[in-house]
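In this note's numbering, the protein residues as written are 57 to 365.
1) Between which residues of its own chain and residue 155 is the CB-CB distance below 8 Å, once the five residues before and five after are set aside?
2) Between which two residues does the beta strand (DSSP E) containing residue 350 stretch?
3) Under a three-way DSSP split, which group does residue 221 fall into?
4) Could you pull the DSSP bridge partners for residue 210 from this structure?
5) Taking the beta carbon of residue 310 as the centre, do at least 16 other beta carbons fall within 10 Å, making it buried, or is it exposed?
6) According to the Cβ coordinates, are residue 218 and residue 174 closer than 8 Å?
7) With contact counted as at least three CB pairs below 8 Å, one residue from each stretch, are the stretch 288–301 and the stretch 190–209 in contact?
8) By Cβ distance, which residues of its chain are closer than 6 Å to residue 89, with the 5 residues on each side in sequence left out?
9) For residue 274, is the classification buried or exposed, using 16 other Cβ atoms within 10 angstroms of its Cβ as the cut-off for buried?
10) Can you give me the C-alpha to C-alpha distance between residue 176 and residue 182, rounded to a whole angstrom?
11) Answer with yes or no whether the minimum CB distance from residue 287 to chain D is below 8 Å.
12) On the three-state DSSP scale, how would you describe residue 333?
13) Cutting at 6 Å between CB atoms, please list the residues of its own chain near residue 284, excluding the five before and the five after it.
14) According to DSSP, which residues form a beta bridge with residue 272?
15) Of all the options 222, 344, 340, 313, which has the alpha carbon lying nearest to the alpha carbon of residue 329?
16) What are the boundary residues of the beta strand (DSSP E) that residue 168 is part of?
17) Which term fits residue 251, buried or exposed, when burial requires 16 or more other beta carbons within 10 angstroms of its beta carbon?
18) Tell me whether the beta-carbon of residue 315 lies closer than 8 Å to the beta-carbon of residue 355.
19) Between which two residues does the beta strand (DSSP E) harbouring residue 254 extend?
20) Buried or exposed, going by whether 16 or more other CB atoms sit within 10 Å of the CB of residue 325?
21) Tell me which residues share the same chain as residue 302 and place their Cβ nearer than 6 Å to its Cβ, disregarding the 5 neighbours each side in the sequence.
22) Are the beta-carbon atoms belonging to residue 178 and residue 207 less than 8 Å from one another?
23) My output table needs one value for residue 318: the three-state DSSP class, helix, strand or coil.
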């Protein structure tokens with residue numbers, strides 16, 4: 057199985073972040089500033105060290121290890137209380153690191169999967185999962201009601217889905233990697249209506265959605281980060297930045313800054329927005345250090361109190 061996360065907040069997050077050291081000539085990679093753009097703590101799945109880490113805002117220089125016992129953690133997600141959900145690929149499980157108590161307690165969610173590579177959380181705290189295994193690949197929902205013991209499967213026709221995100225209306229977005237497509241599953245239809253968004257996205261492996269339902273995608277093949285605009289019905293696709301190596305995890309904060317986790321190009325990077333959107337030739341800054349192979353990322357909204365403060 058190939059190394060292959062997601063999520064949301066009303067301000068939405070998704071799971072994964074890292075990017076390569078060399079960006080294209082139209083982008084600027086800077087050292088971390090003393091004060092980073094508005095946003096909460098950043099959470100990263102480091103698949104090389106089998107750890108989940110928390111980078112504290114502002115500055116992101118303090119990095120804490122959360123929980124233990126993971127094996128190849130991938131595209132992670134947060135819920136509204138700051139709990140971290142982790143797809144643990146080797147164990148074929150999704151695990152929850154509880155915010156209460158300082159992220160020491162790790163719980164296994166009851167359903168088992170074959171290759172869970174990405175998770176997202178909806179407004180009811182249901183956990184959405186993409187399974188990448190050939191025999192069971194698809195989109196699943198683990199229901200919060202009843203303590204995460206029941207699971208439903210939705211949709212069909214996916215070919216190694218690699219990442220998942222949920223918007224503020226609980227619509228689900230899937231990076232359908234081997235179909236070279238980004239898909240939207242509409243909540244209003246009971247997730248029976250599935251739309252293909254944009255075009256020309258090669259091997260999408262990371263995905264995030266912002267508060268306006270614009271969709272951000274990492275392309276594994278060409279190393280670009282693209283934005284599919286909601287206005288106009290998801291027909292317009294813009295390239296925001298390039299030069300990443302396997303950008304498998306993305307997240308977006310409430311100011312429109314995009315965070316990238318590229319497995320083969322640490323450290324974590326942030327594409328800076330101006331006035332709520334990423335401009336042409338954006339500035340890109342490196343966040344923190346000590347992340348060996350970032351495979352998933354999520355962002356805490358600033359309104360959630362930092363348990364460590």
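Glycine included, C-beta positions come from ideal geometry on N, C-alpha and C.
Given the structure is predicted, the values throughout are model-derived calculations rather than measurements.
On the basis of the supplied data:
1) 137, 138, 139, 140, 363
2) 350–355
3) strand
4) 195
5) buried
6) yes
7) Proximity of the stretch 288–301 to the stretch 190–209 falls short of the contact definition, fewer than three beta-carbon pairs being nearer than 8 Å.
8) Reliability fails at residue 89, whose pLDDT of 28 lies under 50, so the model's placement of it is uncertain and no value is given.
9) buried
10) So the alpha carbons of these two residues sit roughly 8 Å apart.
11) The chain labelled as chain D is not found in the depicted structure, where only one protein chain is given.
12) strand
13) 253, 254, 271, 290, 293
14) 264, 283
15) 313
16) 162–168
17) exposed
18) yes
19) From DSSP, residue 254 is part of no beta strand (DSSP E); its letter is neither H nor E.
20) buried
21) 276, 318, 319, 320
22) No, Cβ-Cβ distance for residue 178 and residue 207 is not below 8 Å.
23) If DSSP states are grouped into helix, strand and coil, residue 318 belongs with the strands.
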